[in-house]
Amino acid sequence: MIPAGPSPLQHEAAARWQAAWRQAVRDPRELLTLLGLEAQAQRISEAAAAQFPLRVPRGFIARMRHGDPDDPLLRQVLPVLDEERVAPGFELDAVGDGAARRGHGVIHKYNGRALLIATGSCAVNCRYCFRRHYPYAEDTAAAAGWRGALDVLRQDRSIHEVILSGGDPLSLADHKLTELSDALRDIPHIRRLRIHSRLPIVLPERVDAGLLHWLHGLPWPVVIVVHANHGNEFDATVDAALAGLRDAGATLLNQAVLLRGVNDSVDALASLCERGFQAGVLPYYLHQLDRVAGAAHFEVDDPRALALHVELTSRLPGYLVPRLVREIPGHPSKSPLSRALDSTAHAV
Ligand SMILES: *Cc1c(COP(=O)(O)O)cnc(C)c1O
Ligand code: SF4
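Note that the numbering used here has the sequence shown beginning at 16, numbered continuously upward.
Shown next, in the form of structure tokens:
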């Protein structure tokens, strides 16, 4: 049987999410004006904006509180003077990805799982992200026509799970995703597909008929790890997108980053986990910040992070408590924070 191509309706839908993406706000002053915060313009860092531009979809801006300079969503995206502060230990390659690179856009650090840097693009630029310094544009799996990445996956039979990451893999057009999944079908040792994406949260328009059609047709169990840091990132449009993904058979998890001034209170973390669950998403990881240059003002120190996590654990059912972890270069998995602290102690 010849599979039917995308219908004209699906093409129209694709044009819709891509238009929403193109219409993202890129000027910090415009963002402040939309929020009635013109007077806050002196907080903007031109240097930070030049190094890693502001980019934020309008639907995400609609979830920010008008007139609140401390809005937790605004803080995640606005380039501010704090980023210019040089902080010891905050580096350009904070997670050692340069060393772990094995092929075209493939990072194989952990047993059984290989991560594909599918694309360098994102719909939003998050100020705390290590991607702000990473030369993704030169070395993504899709840019090389997937060939190099597929060779690595084919040859290593210990790899059972392919993780699409980026950048944001769902910023790829449906036909690029199909190209990849078609090639992966022929690799017998692949058992699971995982997709790490912030798009269902920041650009829920992306979850359209074409994407759901692709998901429905995949031969493996699919896990989608979305990325929300605050309960306010959910609204009816996000709920609908997540419901669509679940109906297509995906298991939904959330990872968040612990960020000072965004979610570093038990109330904020608890409502993030509860609000996510309401949308069908289970908490997965709460990450300690990667120590990337320009993000020092977001850091929550380890003792405080642990204390917050202990209190969160006493407040919520176990299945709503994310694992508090940090990424340590050279470790065989993400490291639970308590143990990460112990191993630092033993090392000295
Ligand atoms: C985080 C990460 C994974 C996934 O780890 P899980 O603990 O399975 O979520 C895989 N590969 C790389 C390179 C990673 O950074
Ligand atoms: S990779 Fe994730 S955290 Fe980084 S900018 Fe893109 S969406 Fe934000």
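The beta-carbon is built from N, C-alpha and C at its ideal position, and this holds for glycine as well.
Considering only residues of the same chain and omitting the five flanking positions on each side of residue i, which have a CB-CB separation below 8 angstroms?
i: residue 260; result: 215, 222, 227, 230, 239, 267
i: residue 321; result: 339, 352, 353, 356
i: residue 304; result: 143, 272, 273, 274, 310, 313, 314, 315
Less than 8 angstroms between the C-beta atoms of residue i and residue j, yes or no?
i: residue 178; j: residue 127; result: no
i: residue 217; j: residue 158; result: no
i: residue 287; j: residue 256; result: no
i: residue 219; j: residue 74; result: yes
i: residue 341; j: residue 106; result: no
i: residue 202; j: residue 162; result: no
i: residue 187; j: residue 133; result: yes
i: residue 258; j: residue 295; result: yes
i: residue 248; j: residue 281; result: no
i: residue 300; j: residue 337; result: yes
i: residue 64; j: residue 43; result: yes
i: residue 34; j: residue 47; result: no
Look up residue i in the DSSP assignment and give the residues it is bridged to.
i: residue 270; result: 242, 300
i: residue 149; result: Partner(s): none; residue 149 has no beta bridge.
i: residue 209; result: 178, 238
i: residue 219; result: According to DSSP, which records beta bridges pairwise, residue 219 is partnered with nothing at all.
i: residue 351; result: 340
i: residue 125; result: 128
i: residue 167; result: DSSP lists no partner for residue 167.
i: residue 106; result: 307
i: residue 59; result: 95
Please work out which residues of its chain come closer than 7 angstroms, Cβ to Cβ, to residue i, disregarding the five sequence neighbours upstream and downstream, and give them in chain order.
i: residue 26; result: none
i: residue 68; result: 41, 140
i: residue 206; result: 175, 176, 235
i: residue 131; result: 120, 121, 156, 164, 177, 178, 179, 180
i: residue 245; result: 87, 88, 277, 278, 283, 287
i: residue 193; result: 229
i: residue 335; result: 288, 289, 292, 298
Below 6 angstroms CB to CB, which residues in the same chain sit around residue i once its five sequence neighbours on both sides are set aside?
i: residue 92; result: 71
i: residue 330; result: 285
i: residue 80; result: 86
i: residue 95; result: 58, 60
i: residue 237; result: 208, 265
i: residue 18; result: Residue placement at residue 18 is flagged as unreliable, the pLDDT there being 48, under the threshold of 50; a coordinate-derived value is accordingly withheld.
i: residue 51; result: 81, 82
i: residue 136; result: 182, 186
i: residue 148; result: 107
Report the rounded CA-to-CA distance for residue i versus residue j, giving the unit in angstroms.
i: residue 241; j: residue 272; result: 12 angstroms
i: residue 195; j: residue 324; result: 38 angstroms
i: residue 171; j: residue 232; result: 25 angstroms
i: residue 29; j: residue 104; result: 42 angstroms
i: residue 49; j: residue 78; result: 12 angstroms
i: residue 146; j: residue 90; result: 17 angstroms
i: residue 99; j: residue 309; result: 6 angstroms
i: residue 160; j: residue 212; result: 21 angstroms
i: residue 276; j: residue 88; result: 10 angstroms
i: residue 283; j: residue 289; result: 10 angstroms
i: residue 45; j: residue 125; result: 42 angstroms
i: residue 251; j: residue 293; result: 11 angstroms
i: residue 82; j: residue 200; result: 50 angstroms
i: residue 190; j: residue 318; result: 46 angstroms
i: residue 269; j: residue 297; result: 6 angstroms
i: residue 204; j: residue 36; result: 35 angstroms
i: residue 115; j: residue 210; result: Any reading at residue 115 must be qualified, since the residue scores a pLDDT of 46, below 50, and its modelled position is unreliable; no value is offered.
i: residue 53; j: residue 253; result: 28 angstroms
i: residue 167; j: residue 129; result: 9 angstroms
i: residue 32; j: residue 66; result: 26 angstroms
i: residue 263; j: residue 198; result: 21 angstroms
i: residue 328; j: residue 76; result: 31 angstroms
i: residue 332; j: residue 38; result: 40 angstroms
Can you tell me whether residue i sits near ligand 3, meaning its C-beta is under 7 angstroms from at least one heavy atom of the ligand?
i: residue 183; result: Ligands in the displayed structure: ligand 1 and ligand 2; ligand 3 is not one of them.
- Query: If you measure from each residue's Cβ to the nearest non-hydrogen atom of ligand 1, which ones come out under 6 angstroms, in chain order?
  - Reply: Counting every residue whose Cβ lies closer than 6 angstroms to a heavy atom of ligand 1, we get 122, 124, 125, 128, 130, 178, 348, 349.
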